[in-house]
Amino acid sequence: DDVKLGILFGFTGPIESLAGPMASGAELAIKEVNDSGAFMDGATVTPMRADSGCIDNGLATSNAERLIADGIAGLIGGDCSGVTGAVLQNVAIPNGMVMISPSATSPGLSTVEDNDLFFRTAPSDAREGQVMTEVLQDRGIKSIALTYTNNDYGKGLADAIKSNFEAAGGEVTIYAAHEDGKADYSAEVGALASAGGDILVVAGYLDQGGLGIIRSALDSGAFDTFGLPGGMIGESLPTNVGPDLDGSFGQIAGTEGDGIDRLVEMAGSDFDATSPYTPESYDAAALFMFAMQAAKSTDPAAYGPKILEVANAPGEKIYPGELAKGLQIIADGGDIDYVGASAVELIGPGESAGTYREIEVKDGKNETVKIR
Amino acid sequence: MIVVEDVHKHFGGFHAVDGATLTIREGSITGLIGPNGAGKTTLFNVIAGVLEPTSGRVTMGGEDITGLPPHDLFHKGLLRTFQIAHEFSSMSCRENLMMVPGAQSGETLWNTWFGRRRIADEERALKAKADEVLEFLTIEHLADHKAGQISGGQKKLLELGRTMMVDARIVFLDEVGAGVNRTLLNTIGDAILRLNAERGYTFVVIEHDMDFIDRLCDPVICMAEGKVLAEGTLAEIKANEQVIEAYLGTGLKNKGLVQGDTVGA
Amino acid sequence: MSNPYHDDRGNKDASITRRGGAGEIPYRKGGPAVKSEAKSAFLIGETMTGGYGKGPDILHDCTIAVDPGEIAVIVGPNGAGKSTAMKAVFGMLDLRGGHVLLDGEDISALTPQDRVAKGMGFVPQTNNIFTSMSVEENLEMGAFIRRDDFRDTMAQVYDLFPILKEKRLQAAGELSGGQRQQVAVGRALMTKPKVLMLDEPTAGVSPIVMDELFDRIIEVSRTGIPILMVEQNARQALEIADKGYVLVQGRNAHTGTGKDLLADDEVRRSFLGG
Amino acid sequence: MELLNAIVALTNYVLIPGMAYGSQLALGALGVTLIYGILRFSNFAHGDTMAFGAMITILVTWGFQASGISLGVLPTALLALPFGIAGTALLLVATDRVVYRFYREQKAKPVILVIVSLGVMFIMNGIVRFIIGPDDQNFADGARFIISARDFKAWSGLDEGLALRTSQALTVVTAVIVVALLFWFLNRTRTGKSMRAYSDNEDLALLSGINPERVVTYTWLIVAGLTTVAGVLYGLDKSFKPFTYFQLLLPIFAAAIVGGLGNPLGAIAGGFVIAFSEVTITYAWKKVLGYLLPDSLEPSSLVQLLSTDYKFAVSFVILLIVLLFKPTGLFRGKSV
Amino acid sequence: MSETMRNVMLFAIVAVLIVGSGFLQSWNTALLILNMGLISAIMAIGVNLQWGFAGLFNVGIMGFVALGGLATVLVSMQPVPDAWSAGGMGVLLGLLLGAATIVATVQVYKRMPRGAMRSLAVLAILIVGFFVYRGVLDPGVDAVEQVNPALEGYLGGLGLPVLVAWPVGGLLAAGAAWLIGKTALGLRSDYLAIATLGIAEIIIAILKNEDWLSRGVKNVVGIPRPMAYEIDLQGDPSFVERAASLGLDPVEASTLYVKLIYAALFLVVLLVILWMSQMALKSPWGRMMRAIRDNEVAAEAMGKDVTRRHLQIFVLGSAVCGLAGAMLTTLDGQLTPGTYQPLRFTFLVWVMVIVGGSGNNFGAVLGGFLIWFLWVQVEPMGIWLMQTVTSGMADGYWLKDHLMDSAAHMRLFTMGLVLLLVLRFSPRGLIPEK
Ligand SMILES: Nc1ncnc2c1ncn2[C@@H]1O[C@H](COP(=O)(O)OP(=O)(O)OP(=O)(O)O)[C@@H](O)[C@H]1O
Ligand SMILES: Nc1ncnc2c1ncn2[C@@H]1O[C@H](COP(=O)(O)OP(=O)(O)OP(=O)(O)O)[C@@H](O)[C@H]1O
Ligand SMILES: CC(C)C[C@H](N)C(=O)O
Ligand SMILES: [Mg+2]
Ligand SMILES: [Mg+2]
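Chains as they are written, first to last, in this note's numbering: chain A, 474 to 845; chain B, 5 to 269; chain C, 3 to 276; chain D, 330 to 665; chain E, 100 to 533.
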C-alpha cells in the first residue's frame, strides 16, 4: 500500500532558492526506497510537498493541517525555525504527528516541550558557535566583525559565536544585524568596515543578504577574508563571488567523504546536493522510512521511538545509496546506525550531535580541510 | 460685523489679495464685485479660514478670527458656499443637507450604539427640514439622487441649500448665480432677502450679474488687483470711472443695464 | 476636479492614486460615418433620446440644429438636459434613439475623438482646462490635431483675451474662475473648428469679459462657423442668437429665432427671469 | 594624509554607494511616478516588471555570451538591453490590453487599478520565477572595476582604498541621461505634451483630439524602457534575484513619494534622499574620526548614531521629517 | 435577483467552499480556514472603517497587527523574575525618562514662542534626553538580555489570562495610531500612506531588535491558550468517551474541539464589531464620515472638524486591527516578528477589502473569508493544475520537472488571477457600497 510523507518547506519566500534542492533531496531518498521495493513488504512512499512560506505561520500551519488531512504518516520539515515551532505547537503535537526538520537550527527548539515528536537532522546553532570559535582560534584570529541575518537562526547563531569567541578571549568589534532580501547593503558594510577586525563573519544565508554583504565588502575593499558559518556554505557562493573569496573559511554540519559524496553523485545534475540542508533533508526522509520499517508501522506513536534507534549506534553504518541495504537489515531483524549524507548522530532531545566540516575556499571551490 | 484689515495673500510672488481693507455691516447684504482675478474668492477663502493670510487681520464682532479653521468659524455662525460646487458627490441630496447642522447627538459614536432613540427623533426633524429646503429650491424631486449626478446648476442650488439648514449669522455666497437659471435666480434672490429680513442673516455676495446685485445689495464693494477699488451703493459704483474701465465696460450701456433696467419688477 | 483652491479636496487615495482629471466620458466603440441623404442643417441632433449609463432617459426626442453663420442657443431651467443634449451631439453618451448629422454625414456612430477630427469643437461646462499646464500649452493642446502652423491662430486668441497673453506661462489652474473660462474658449478656437459648441461659456465671467466673449462669438460665427451654445445669461444670448431652443425636462419646449423667444411672454416669464 | 584617508573612506563607503543606490532608486521611482502621473495609480507590479525586464535581458545576454559576442570592458548586458526593453514593452502593452484597459473603460476608481496592479504583481511574480527560477543569477561580465580598492591603495599609497565599479558609474550616468531625455520629451515634444494633457484632464484631452489609447501605449513603452534599464543596472550592480526586486518596491515608493509623486525631478531627488539617509545615519564614524582626531582622542566606540538594525526605520523617519516640512514632497507632487 | 438575495448567495457560496473543504480535505482544515477567515474579516473591517468610510489610506496594517501580537506576550506570558531583578527597573526607568523627554519637548515646543531659542531648547532637550535615556536603558537592557538568553532573555509578561490581551492589543494599536495620527493626520493627510508604511516598518524593527521586550527575532513560543490543550483533552477520559460516543477518535475530536472554541470566540468578537460599525455607519456619524470622505474642504466649511474625525476613525480602525492581531497571535501560540511581512499583513488585507467591496462592512467580511480561503487553497489547486498539465509528459523530462518545481509559485500566480477575475466581473467589489 501507499505511505505518504509530507514535505513542508518554504518554496516561496525568503529561502525559496534553498527549498527546491532540499525537497529534491528528500524525494531522492524516497525514490531510492521505492525503487528498492524493500520497504514494508513492498509498500510505496509518496512525497507530498507543501509550502511553509518560511516566515508565514498562518500559511504553514494551514498547509500542515492539510497534509495531515491528506493522511501523511510523517512530516519532513519545517525549514525555518519560526514556522517549525509554530507547526510543531499547533499541528504536530495536537495531532501526534512526528516531525523531522532538516534545517531548523534555532537553539530554542532544543528545549521545546515536544512530546518526543520533534527531531532534527541539523545540529543546534549553539554547537556551531563553539566550533567556529575553535576554527577562528586555530587560525590565529583575534578580532572579528560579526553580522547576522536578522531572524532567530541568524541571531541565535551569532549569539553563540559571539559569546564563545569572547569567552575564548577574542574581540568582536561590531555585532550588527542585516535584513535579508534588501535592496542594498552599503550602510551595513560601511558600518562593518568602520569597526574593522581581522575578518568579517557573516552568519547569514549564502544567496540572501549574506551574499550581498560579502560582495559589497569585497568590492569596497573593506574585508578580504570572511568567516562562513553553515548558512553560507554552498557551491553557489564561490561561483557567485569569484576568486576574491579564496582564503575565506568556515564550517558546516556534516562529515567528510563518503556520505555527501555519494549523495552528490546520486543527485547528478538533477539538483545541487551540496546546497545547504539538502543532505539533511535526504537524511530526514531516510530516517522516517527506517523507523517505520523498524516499527513495522506507519503510526507515529509506534515508529516515533524508533527514530533514535535507527539513527544511532549500534548497528551497521548506512550511507546514501544504501537505503535498500538498510531496510533489508532491519527487515531481517538486524540493527543499523544510519550515517547518511550528513553524518547523522542524534543526541539529547533528538537533534544532530553536530560534526562539522571545516571548509576553506580554494581556487573557487569549497574544500574540506578538517573535521571537527 | 466683519472687519478685514489690510489683508494680504501672496501666492509665490503673486499678490492675489494686496492690502484689502473693508467692513461688512451687520444685517447688510454686501455685494462684492470685480474683474476676474481681482482676488474676491481668495479674500473669501482667507476670511473663511481656508487660506492663511500672508498678513493682516480679520475680526468678527470684535473677535479676532484670523486663521481659525473653517469648522470653528462655522460654529461661530460663518457659512460659505463655493464658486465651484463642492457637493458630497456620493451622498444623496437630502443627506447633503442633513449632514450640515452641527452638534447632532448622532455624531457622537457612543450615541450611535446606546442612544438610538434620541437619534431617530432628531433625524426625523432634520429630514423634514431638509425636504423643506429642497422644496424651496425646487429640487425636491432630486432628494434621493446622488449629488454627484445632478446638473451643474442644481449643484449650486444645493450649495445654497446647505446654508439654509442652520441659523447662520453671516453667509458668504461665491457666485451662486453662475450657471443658475435666471428665473430660479430670482427665487434665490427672494430667499436671500427673506433670510436677511426675517432671520437677520448678513450676506456677502460675489456675483457678476449686475441685475442680481442691483436687486439685493447695498452696499457694493468693487475689488480690482487685490485691493478695494470703490465702495458705495450700486448706483455710485456704476458711475465710478475706474470701475467701468476695469469691470463693467462700456458694453453695459448698450445692453441697457446702466439705464437701470432691473429685474423682477 | 483639480483646482488650486481645492487642492486638498478629499484626501482619499491621493498617495497611491492620482485624483483629478479622471474622465467621465464613457468609453464607446466607434463606428464609421455614413453618408446621409437626409436634407437638413449643417449640424443636427435629431430626435435624440438617451441618458447616462443605464439610467433613465434624460433626453426625449430632442432636436437641435445649427447652420453655418448661425448662432443657436439652448436655454432652459437647471437640469433640463441642456448639457446632456450637448454631450449627446458630441457623442459623449449613447443615444437610444435619433441620430446626429454633420455636413451630410450621419456621425452617430463616431467616437468623440473622431468628431473632433471631423472639425467639431467643444467647451464643456466644467473641467474645461488643463490645470497643470501653462496657458500657452493649453492653447497648443487645442491645436493638437492640427499639423499646420497655428501661431497666427494663437496670436488671434491672445488678441481676443489679452490677459491670457500676460499669463501665458502661468499654470492655467492658478487662474481665477473667469480667466479659466477664457482659456477654455481659447483652447477650442485653436482647433479652427468647423462647428463650435459651448456649454455656458460666460458662467462666472465679469460683465466686461462677457461682452467681449459675446462679441467674439458673433465674430467667429460671421466667419461662417456655426455656433451651438448653452447659456444661462439667456437674454444676452438670445439677443445675438439666430435660433433659440428652450428645453424643459429633455424635450423641446419652444423653438424659434432669438427675437421670437425674447418676445414670447411665457418664455420670458418662466425661463428668462421675467 | 590622515585627512585624505578620511575623505577617501567617506567617499568609498558613503558617497559612491549612496550615489549608485540613489540612482537605482531614482530610475525605479521615475517609472512609478510616470504611471502615477499619467495612468493615475501606484503600480505595485513595478518591482516585478523590473525583474521581468532584467530577466529577458539576462536570457539574451547568456545567448550572446554563449555565442562569444561581448562589449569588451562594458557588460554584454548593455547589448542585450534593447531586447529586454522590447520584451518588457510587449508584456506591458499586452497586460494593458488584457487587464488595465478594461478598467479604464469602466471608469473604475483608481484604487481599483492599484489593487489590480497587485494582482498583476502576483502574476508577474509567478511568471518570472516560472521562467528563470527563484535563484540568484549572475550575468555581469566585462571589467568589474573602473578603480579597484587594491589598485587605488597601491597607486595612492593611502591606507584606505577607493573602489568604483563599472556598474556604479554606468548607473549614475544612465540615470542622468534618462532623466534629461524624459524631461525633454515631456516638455518639448508634441507627444510628451499630449501625455501631460491626458494626465491632467482625460476628458478634455479627448475633446482636443488626443487619442487616449495612444497616450497610454506611449506611457507603457517609456515605462518599459525605464524599468528594464533600472532592473538591469540594479542586477549588474548587485545581483539578479526575483525576491529582491519585489523588496525594492518599498524604497522605490518611498523615493517617489518623498520627492513628490508624479514629479520626475522629485523621483530623482527622492531616490538620493532615501539612499543617503540609509547610508549616512547608520554609518559608524569611528574610522573617519580615527583619521581626523589625534590619537589620544581616538574613539573607542563605533560612534554610530543608530545601529544598522534600524537602517530601514531610520530612512522612514527621515522621510517623515521631510514630509513634515514639505508635505507634498520635495517637489510639488502634482503631475508630470 | 434582489441585492440582499445576491449577498446572501455570496456568503452561502463562501460557506459552501469552506464546508466543501471540510468534506474533501478535513474538518480541521475547514475550521482553520474558518478561524483565520474570522480574524481576516475583523482586520478587513478595521481597514474598511478607515478607507471605506473615511478615505484614509493606511498601509501600516502590519504594524498594528504586530502590536496586537505584542500585547499577547506582554499580557499573558509569565513574568521572568530573574530578568526583572537583573535589569527590569533600569529598563522601566529608561523608558520613563524617554517618555519624559518627549513630553518635555512637546511642552517646551508649545509654550515657548517661535524662534531660534525654541529650536535650540528643543534640540538641547532632545539630545540630552536621548543620551540620558540610552545611558539608563542600555545597561538594563543588557542585563535583561543576559538572563538565560536561549529561553528567556526578556522581561516576560504579566501572566494574565490571554483573553485580556485582546482588548489590550486593541488599546496598544490605538495608542500607536493616536501618535501617528497626531503627527501625520494634522499635517496633510495625503501622505498618511507613507507615514503608516514607515511606522509599520519601525514597529516591526522594534519588535525584531528589542529583545528585552519580546525576545526579538528569537520569538516567544508557548503563549497560553484560552482553553485546554489537545493533549490534555486526549488524556481526559471523559472527553475521550464523549468523542467516542460521537464516533470520533480522540485526536481528531480534540483538535476539532479546540478549533471550534476558537471559532466561537472569534465569531463573538466579529459580530460585536460588525454590529458596532454597522450602527455607527448608519447613523449621522456615518453620514458625516462619508461627507468628509467625499469632500474635506466642504465638510470643514460645514463645521465638521475633519482632523479630529480622521484621528478618531484612524484610531478606531487601527484598534480593530490590533485586536485582530492579538487574536491571531493567540491562535498561533507564538510571536514571531519575522513573519510580519507587508505582503501578507498589509496587501492581502487590502485585497480582502477591495474584493469584498470597500465602504461596505459585509463586503469586507466576505472578502476576508474568501481571500483567505483562496490564499490557502490556491496552492493545492496549482499543484493539481501542474499535474494535469504534465500528466502527458515522460517522467524526468526537464519540462515536467521544471513545471512541478514551479508549482508552489503558482500560488501567487493563481492568487493574482483570481483577484483579477473578481475585479473584472465586479470592479466595485463583490458587495459594493450602496
Ligand atoms: N493657488 C494659487 N496660486 C497662484 N495664484 C493664484 C492661486 N489662487 C488664485 N491665484 C491668482 O489670484 C488671483 C485672484 O484669484 P481669485 O480667484 O481670488 O479671483 P476672483 O476675484 O474670485 O475672480 P473670478 O471672478 O474670476 O472668480 C488670480 O489672478 C489667480 O490667478
Ligand atoms: N453624470 C450623470 N449621471 C447621471 N445623471 C446625470 C449626470 N449628469 C446629469 N445628470 C442628470 O441629467 C439631468 C440633466 O442634466 P444636465 O447637466 O444636462 O442639465 P442642464 O440643463 O445642463 O442644467 P444646468 O443648467 O444646471 O447645467 C439632471 O436631472 C441630472 O440629474
Ligand atoms: C533553511 C534554513 C536556512 C533555516 C535556518 N537554519 C533556520 O533555522 O531558520
Ligand atoms: Mg472667484
Ligand atoms: Mg449644464
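Glycine included, each C-beta is placed from N, C-alpha and C at the ideal position.
Owing to the predicted nature of the structure, the values given are computational and were not obtained by experimental measurement.
Assign Val-475 (chain E) to one of two classes, buried (16 or more other C-beta atoms within 10 Å of its C-beta) or exposed (fewer than that).
Taking every protein chain shown into account, the CB of Val-475 (chain E) has 16 or more other CB atoms within 10 angstroms, so this residue is buried.
Establish whether the CB of Thr-116 (chain B) and some CB of chain E are separated by less than 8 Å.
Chain E contact via Cβ: present.
Tell me whether Tyr-205 (chain B) sits in a helix, a strand or coil according to DSSP, three-state version.
coil
When we look at the beta-carbon of Tyr-612 (chain D) and count the other beta-carbons within 10 Å, is it buried (16 or more) or exposed?
Under this definition Tyr-612 (chain D) is a buried residue.
Let me know the secondary structure DSSP gives Lys-245 (chain C) once reduced to three states.
Taken through DSSP and simplified to helix, strand or coil, Lys-245 (chain C) comes out as strand.
Check the Cβ of Arg-494 (chain D) against every Cβ in chain A and list those closer than 8 Å, keeping chain order.
Asp-692
Are three or more beta carbon pairs between the segment 147 to 156 of chain E and the segment 497 to 514 of chain E nearer than 8 Å?
no
Quick one: does the C-beta of Glu-176 (chain C) sit closer than 7 Å to a heavy atom of ligand 1?
yes
Could you list which residues in chain D have their beta carbon closer than 8 Å to that of Ala-255 (chain C), in chain order?
Here the premise fails: no neighbours, minimum Cβ distance about 28 Å.
Tell me whether Gln-251 (chain C) is buried or exposed, calling it buried when 16 or more other Cβ atoms sit within 10 Å of its Cβ.
exposed
Reduced DSSP category for His-212 (chain B) - H, G, I as helix; E, B as strand; rest coil
coil
Can you look up Thr-622 (chain A) in the DSSP assignment and give me helix, strand or coil?
strand
Any residues whose CB sits closer than 5 Å to a heavy atom of ligand 2? List them in chain order?
B:Gln-153, B:Ile-154, B:Ser-155, B:Gly-156, B:Gly-157, C:Tyr-54, C:Ile-60, C:Asn-80, C:Gly-81, C:Ala-82, C:Gly-83, C:Lys-84, C:Ser-85, C:Thr-86
Would you decide whether Lys-261 (chain C) is buried or exposed? Buried here means 16 or more other CB atoms lie within 10 Å of its CB.
exposed
Of the residues that make up the segment 588 to 615 of chain D, which ones have a beta carbon closer than 9 Å to any beta carbon in chain A?
Those residues of the segment 588 to 615 of chain D that come within reach of chain A (Cβ to Cβ, closer than 9 Å) are Ala-604, Glu-607, Val-608, Thr-609, Ile-610, Thr-611, Tyr-612, Ala-613, Trp-614, Lys-615.
Determine the DSSP secondary structure at Glu-39 (chain C), reduced to helix, strand or coil.
Note: Glu-39 (chain C) maps to coil in three-state DSSP.
Integer-rounded CB distance, given that Ile-603 (chain D) should sit under 8 Å from Ala-583 (chain D)
5 Å
Residue range of the alpha helix (DSSP H) that Ala-583 (chain D) falls in?
Here the alpha helix (DSSP H) through Ala-583 (chain D) covers 571 to 588.
By the 10 Å Cβ neighbour count, where 16 or more other Cβ atoms means buried, how is Ala-151 (chain B) classified, buried or exposed?
buried
For ligand 7, is there any heavy atom lying closer than 7 Å to the beta carbon of Asp-745 (chain A)?
With respect to ligand 7, the structure offers nothing, as its ligand set consists of ligand 1, ligand 2, ligand 3, ligand 4 and ligand 5.
Phe-431 (chain D) CB to nearest chain E CB: under 8 Å?
yes
What's the gap between the Cα of Tyr-283 (chain B) and the Cα of Glu-26 (chain C)?
The requested residue 283 (chain B) is not part of the displayed model; chain B covers only 5 to 269.
Which one of B:Gly-38, B:Ala-195, B:His-19 has the shortest CA to CA distance from Gly-253 (chain B)?
Out of B:Gly-38, B:Ala-195, B:His-19, B:Gly-38 has the C-alpha closest to the C-alpha of Gly-253 (chain B).
Could you tell me which chain F residues have their CB closer than 7 Å to the CB of Glu-142 (chain C), listed as they occur along the chain?
As a matter of chain content, chain F is missing from the structure shown, whose protein chains are A, B, C, D and E.
Have a look at A:Tyr-621, A:Gly-669, A:Asp-653, A:Val-571 and flag the residue whose alpha-carbon is nearest the alpha-carbon of Lys-615 (chain A).
A:Gly-669
Return the residues of the segment 456 to 472 of chain E that lie within a Cβ-Cβ distance of less than 9 Å from chain D, sorted by chain order.
Ser-457
Roughly how far, in whole angstroms, is the beta-carbon of Thr-546 (chain D) from the beta-carbon of Ile-364 (chain D), given that I think they are within contact range, below 8 Å?
The pair is not a contact, with the Cβ atoms about 13 Å apart (cut-off 8 Å).
Give the C-beta separation of Ala-35 (chain C) and Leu-112 (chain C) to the nearest angstrom, bearing in mind that I take them to be a contact with Cβ-Cβ under 8 Å.
Indeed they touch by this definition, with Cβ atoms about 6 Å apart.
Using CA atoms only, rank isn't needed, just tell me which of D:Phe-474, D:Arg-543, D:Leu-579 is closest to Ser-371 (chain D).
D:Leu-579
Residues of the segment 466 to 488 of chain D with Cβ closer than 8 Å to any Cβ of chain C, in chain order:
none
So, is Asp-393 (chain E) buried or exposed, given that buried needs 16 or more other C-beta atoms within 10 angstroms?
With a threshold of 16 other beta carbon atoms within 10 Å, Asp-393 (chain E) meets it and is buried.
Evaluate the contact criterion for the segment 442 to 461 of chain E versus the segment 129 to 138 of chain E: three or more CB pairs, one atom per stretch, below 8 Å.
no
Pair every Cβ in the segment 223 to 241 of chain E with every Cβ in the segment 182 to 198 of chain E, then say whether three or more of these pairs are closer than 8 Å.
yes
Strictly below 7 Å CB to CB, what residues from chain E border Arg-593 (chain A)?
Ordered by position in chain E, no residue passes the 7 Å Cβ test against Arg-593 (chain A), which lies about 16 Å from the chain.
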